[in-house]
Structures are given as C-alpha cells and as structure tokens.
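Numbering follows the numbering used here, in which position 269 of the sequence shown is assigned residue number 250; successive positions increment by one, without gaps.
Just so you know, even glycine gets a beta-carbon here, dropped at the ideal spot from N, CA and C.
Please read all numbers here as calculations on a predicted model, not as lab measurements.
Structure record follows, encoded as structure tokens.
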Amino acid sequence: MSGIAPQYAEHIAACRELMKAEGVECLLVGKAPAFFWLTGGRCYVPTIEESGPAQLFLDQEKVVVVTTAIEGNKMRTQECPGFEVREAAWAGLPGTMDAIIEELVAGRKVEKDTDSLSAKIDELMVDLSDADVAAYRALGRDIGEALAEAAKSVSIGDSEYKVAGITHACYNKRGIDLVMIGVAHDERIAWDRHPLPRLGAGTELKKVCMIATCGRRKGLICSLSRLVCFGEVPADLRTIHDVCMQVDAEINLATVPGKSADELYHVLLKAYTDRGYGEQILQHHQGGLIGYKCRHWIAQPGGQQVIKAGRAYAWNPTIAGKTIGTKSEDTIYVNKDGSMEVLTNSPDWPMVDVKTGDGRTMSRPDILVK
C-alpha cells in the first residue's frame, strides 16, 4: 500500500482489523459511502446511483479496485491513485467483472459491505482520523464560502432552479458535489421542509430565499442552510428566525460526549416548547450524525445512539409560520477533548450571539439582508 494516501491506508487497516475480528476473509465494497471512505474515489458515473462500475476487493494482503475497461484509466490515475486496478471487458458484463472477483476470492467466503459488517463499517467510517478532520475542516471552510457566495448572488425574479444552478456553480468550482439542494422562495418556505427546486410561474423570488444543501468532497459531507431577504425582514420572519437560532444553539451546545439521541431529542423538544413552538418538532427531523452520509442517524425519541468525540454532527431545526418559514443549520465537529467547533462558517455573513436557557452563548447565522 506504499502508493496509497495515508488517510485511506489508515481506513483500510481499520477495516482489516474489523474483518479479522469478525472472521471475514474477503470483503467486496460497492456502495459509495464505504468506497469513498476506503479510497477517496467516486465509484459511480451517474450521481443518482449508490453504486457503479467500480468495486473494491479487500483481504488481509490485497486491496484491488475492480472495474471495467471504460473506467480503468480514470480509476487508476484520478479517482484511486496508488491502488491496484483490474479491468474487465465491458462486453460480457457482469460476467467479466465477476470472473476477476472470483479469481481474487479464490474459493474463500466473501462478504459485501451491505451484509453482516454493514453497521460496523458505518461505525468505523464516522470515527474521524486526524487526516479526515483536516479534510473536513477544509471542506467546511470551502462550503461555507460557497453558500455565502451563492446566497449573495441571487436576485429578485430568480426561479428556484436558477438559484440551484448558481449554488451548484459555487460548489463545483471548489470541487464540491451537491448531493442535496433545496431552494424555496417566500411562502413555500412555510410549507415545504425539503423544497426541491422548481421552474416556472410562481417560483420567482419576491422577497425571501432559503437555500439548504449537503455538499460532498472525497466522500465527506457537510450540511448547511442560509436565508436571504430583500429589504426589511418581516416581523413574523424575524420572530421565528430568532427562535430557530435559539433552538439551534441549544442543541449544538448540548452535543457533548455521552449524550444519547433520545436525550438530544428531548433537548430539542424542550427548546421548541419553552419558546411556544412545541409542535414544530413534529414537522421535520432535527438532524444528527453526519460524515460519509448526509445523516448516519437522526435523533429520535428512544434513540440509543450516543454522541462521541471525534465525530461530526449536523442539526437542522426549522420553524414554519403562517406565511413564511426558516431554518438554522451548520455542521459541527466534536473534538477529542469534548469541545465543539463549527466547520461551515460563512465569511462576512451576519451573525447573532444567541443565549441559551442556561446562559451560554453561541454565534448563529442571521438572515442576510440585501
């Protein structure tokens, strides 16, 4: 593995330790999150697919990317540099690729990343190495800049699809793929929590634009949302955004090692209820653990998952009024000493120092007024 980047060599070593402990001789990885985690490369061609024409074979001695002749050069020189790549003829697929895998397996039992090891691989993925954290901080910095640039570029009259296109361009020029883009204008923010962008009459921006995103680079994903208002912020939006920032501060500051998903759900429920918006928690999930998936788990009542240091989280409280809605969202990292840092700050964005119920303060993104 001398040519493989240390970040991925470390992940491969961790995966091999898991395989050894579980008595798994051979592992075949085909799903994008685990493939990204082990190689840093994209295994798909159409971005809508969870898997594609490249798989990773792993045992205690070999690690081989198995793909087609169409993808071979790309996988060897661009997506997975340093990895051995074996190519199958496209004519005769899937048999030609199966033959390469059968040769590597050599009669041993093989598990897929979707089989018995799936949940345990997921756990390894979210325990971020020092190299992962450095990459995450760089991604967070770039994605915070990208969304700020996009939000500052929208104009009255833009369709939701045009805003999505502006956002794509700002992300793509920083090497970030948008794996989720939600855009809502004006009244729609109140009634669509996951607003896929639309085109045509009625989608044009009149006053308020919300952009919600998940962006991925080399597998790691950050989530963040921002709001823009043209002219004075309406009183009802001002009220609910202030509350939303307070709920966001409460949950982010409560994200400390040892807290369970159930406890955090009830932190959120109390934060909403204390401010007169208890019903809002029922309208949308509130976020949870992030990493190589948009969410590895979300906080639910009765949830047994536990916050751990060395992992990233993204909370996304939302509030809908009668004619407008809002959201507050960033990605955070819980350091090994238990402290929390925001990864996705946007430069030159208006911020508010928000006080929590116990008197602590956290800076949260306000509404950008143009």
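Open item on the list: Could you compute how far the alpha carbon of Met343 sits from the alpha carbon of Asp334?
Closed with: As a working mapping, residue 343 is identified with position 362 in the sequence shown. As a working mapping, residue 334 is identified with position 353 in the sequence shown. The straight-line gap separating the alpha-carbon atoms of Met343 and Asp334 is approximately 6 Å.
Task: Gly269 and Ala280 closer than 8 Å at C-beta - done: Within the sequence shown, numbered from 1, the residue matching residue 269 stands at position 288. Within the sequence shown, numbered from 1, the residue matching residue 280 stands at position 299. Yes.
Open item on the list: Is it the case that the segment 313 to 322 contacts the segment 186 to 201, given that we only count it when at least three CB pairs across the two stretches are under 8 Å?
Closed with: No contact exists between the segment 186 to 201 and the segment 313 to 322.
- [ ] Thinking Ile221 and Ile300 are a contact (beta carbons under 8 Å), I'd like their distance in whole angstroms, please.
- [x] Against the sequence shown, residue 221 aligns to sequence position 240. Against the sequence shown, residue 300 aligns to sequence position 319. Contact flag correct, Cβ pair sits at about 4 Å.
Open item on the list: On the DSSP bridge list, what partners appear for Pro346?
Closed with: The residue given as residue 346 occupies position 365 in the sequence shown. Partner residues in the beta bridge of Pro346, as assigned by DSSP, are Met332.
Task: Buried or exposed (CB count within 10 angstroms, at least 16 for buried), Gln59 - done: Along the sequence shown, one-based indexing puts residue 59 at 78. The residue in question, Gln59, is exposed, as its Cβ has fewer than 16 Cβ neighbours within 10 Å.
TODO: Using only alpha-carbon positions, find the residue among Gln227, Gly283, Trp18 that is nearest to Asp339.
DONE: Taking the sequence shown and counting its residues from 1, one reaches residue 339 at position 358. Between Asp339 and the set Gln227, Gly283, Trp18, the nearest pair of CA atoms involves Gln227.
Task: Nearest to Val5 (by Cα), restricted to the options Gln41, Ala15, Arg118, Asp217 - done: For this step, residue 5 is matched to residue 24 along the sequence shown. Selected option, being the one with the closest Cα: Gln41.
- [ ] Tell me, please, whether the segment 147 to 159 touches the segment 167 to 176 by the rule of three or more beta-carbon pairs shorter than 8 Å.
- [x] Three or more beta-carbon pairs separated by less than 8 Å are not found between the segment 147 to 159 and the segment 167 to 176, which leaves the two stretches without contact.
TODO: Could you say if the segment 82 to 100 and the segment 1 to 15 meet the contact criterion of at least three C-beta pairs nearer than 8 Å?
DONE: Counting C-beta pairs with one atom in each stretch, the segment 82 to 100 and the segment 1 to 15 have three or more that are closer than 8 Å, which means they touch.
Task: Segment contact, 8 Å Cβ cut-off, at least three pairs: the segment 21 to 30 with the segment 96 to 110 - done: Not touching, per the Cβ criterion.
Open item on the list: Within a Cβ cutoff of 6 Å, which residues of the same chain sit near Val91, ignoring the five residues on either side of it in sequence?
Closed with: Sequence index remark: in the sequence shown, residue 91 carries index 110 (1-based). The beta carbon of Val91 is closer than 6 Å to those of Cys7, Leu9 in its chain, skipping five residues each way along the sequence.
- [ ] Starting from Leu249, follow the alpha helix (DSSP H) in both directions and report where the run begins and ends.
- [x] The residue you call residue 249 lines up with position 268 of the sequence shown. Run containing Leu249: 242 to 255, per the alpha helix (DSSP H) assignment.
- [ ] Identify, in the order they occur along the chain, each residue of the same chain with its Cβ nearer than 6 Å to the Cβ of Trp278, setting aside the five sequence neighbours on each side.
- [x] One-based indexing of the sequence shown puts residue 278 at position 297. Here Trp278 has Gly269, Leu270, Gln286 as same chain residues with Cβ atoms under 6 Å from its own Cβ, once five neighbours each way along the sequence are excluded.
Open item on the list: I'd like to confirm the pairing. Which residues does DSSP put opposite Val135 in its beta bridges?
Closed with: Here residue 135 refers to the residue found at position 154 of the sequence shown. According to DSSP, which records beta bridges pairwise, Val135 is partnered with nothing at all.
Task: Beta-ladder partner(s) of His166, from DSSP - done: Against the sequence shown, residue 166 aligns to sequence position 185. DSSP lists Cys190 as the beta-bridge partner residues of His166.
TODO: Could you tell me whether the Cβ atoms of Thr77 and Ala69 are closer together than 8 Å?
DONE: Counting from one through the sequence shown, the residue named residue 77 turns up at place 96. Counting from one through the sequence shown, the residue named residue 69 turns up at place 88. Yes, they are a contact pair.
TODO: Note down the Cα distance separating Val46 from Ala72, rounded to an integer number of angstroms.
DONE: Here residue 46 refers to the residue found at position 65 of the sequence shown. Here residue 72 refers to the residue found at position 91 of the sequence shown. Cα to Cα, Val46 sits roughly 19 Å from Ala72.
- [ ] Rank Thr184, Ile170, Cys275, His266 by C-alpha distance to the C-alpha of Thr388 and give the top, closest one.
- [x] This structure cannot settle anything about residue 388, because the visible part of the chain is limited to -18 through 351.
Task: Residues bridged to Gln36 (per DSSP) - done: Counting from 1 along the sequence shown, the entry for residue 36 is found at position 55. Looking at the DSSP output, Gln36 bridges to Val47.
- [ ] May I ask which residues mark the beginning and end of the beta strand (DSSP E) holding Ile271?
- [x] On the sequence shown, position 290 is the one that residue 271 refers to. For Ile271, the enclosing beta strand (DSSP E) has its first and last residue at 268 to 271.
Open item on the list: Going by DSSP, what residue range makes up the beta strand (DSSP E) through Trp296?
Closed with: Counting from one through the sequence shown, the residue named residue 296 turns up at place 315. Start and end: 292 to 296.
Task: Residue from Gly239, Leu250, Arg207 whose Cα sits closest to the Cα of Asp347 - done: The sequence position of residue 347 within the sequence shown is 366, counting from 1. Across the set Gly239, Leu250, Arg207, the C-alpha of Arg207 shows the shortest separation from the C-alpha of Asp347.
Open item on the list: If we require 4 or more residues per run, which alpha helix (DSSP H) segments fall completely within the segment 63 to 123?
Closed with: Taking only runs of at least 4 residues, the alpha helix (DSSP H) segments lying wholly in the segment 63 to 123 are 76 to 86, 99 to 107.
Task: Candidates Leu128, Glu52, Arg292, of which the one nearest Asp113 by Cα - done: Residue 113 sits at position 132 when you count from the first residue of the sequence shown. That would be Arg292, whose Cα lies nearest to the Cα of Asp113.
Task: Beta carbon of Glu168 nearer than 8 Å to that of Thr325 - done: Position 187 of the sequence shown, counted from the start, is the residue given in the question as residue 168. Position 344 of the sequence shown, counted from the start, is the residue given in the question as residue 325. A distance of 8 Å or more separates the beta carbons of Glu168 and Thr325.
- [ ] Using 10 angstroms around the beta-carbon of Val224, count the other beta-carbons present and answer buried if the total reaches 16, otherwise exposed.
- [x] As a first step, residue 224 is located in the sequence shown; it is residue number 243 there, counting from the start. With 16 or more other Cβ atoms inside 10 Å of its own Cβ, Val224 counts as buried.
- [ ] In the DSSP assignment, find the unbroken beta strand (DSSP E) run with Leu9 in it and report its ends.
- [x] Taking the sequence shown and counting its residues from 1, one reaches residue 9 at position 28. Start and end: 7 to 12.
Task: Closest Cα partner of His(-8) within the set Asn54, Val44, Ile29 - done: Translated into the one-based positions of the sequence shown, residue -8 becomes position 11. Cα-wise, what sits closest to His(-8) is Val44.
Open item on the list: Do Phe64 and Ile(-15) have their beta-carbon atoms positioned less than 8 Å apart in this structure?
Closed with: For the purposes of this step, residue -15 is identified with residue 4 of the sequence shown, where counting begins at 1. For the purposes of this step, residue 64 is identified with residue 83 of the sequence shown, where counting begins at 1. Yes, these two residues count as a Cβ contact at 8 Å.
Task: Span of the beta strand (DSSP E) around Glu141 - done: For the purposes of this step, residue 141 is taken as residue 160 along the sequence shown, with counting starting at 1. Note, Glu141: premise wrong, no beta strand (DSSP E); alpha helix (DSSP H) at 141 to 153.
Task: As assigned by DSSP and simplified to three states, the class of Gly283 - done: Position 302 of the sequence shown holds residue 283. Assignment of Gly283 by DSSP, reduced to helix, strand and coil, places it in the coil class.
- [ ] Under the assumption that Gly319 contacts Ala290 (Cβ atoms under 8 Å), give the Cβ distance between them as a whole number of angstroms.
- [x] Here residue 319 is taken as the residue at index 338 of the sequence shown, counted from 1. Here residue 290 is taken as the residue at index 309 of the sequence shown, counted from 1. The Cβ separation is near 6 Å, so the contact holds.
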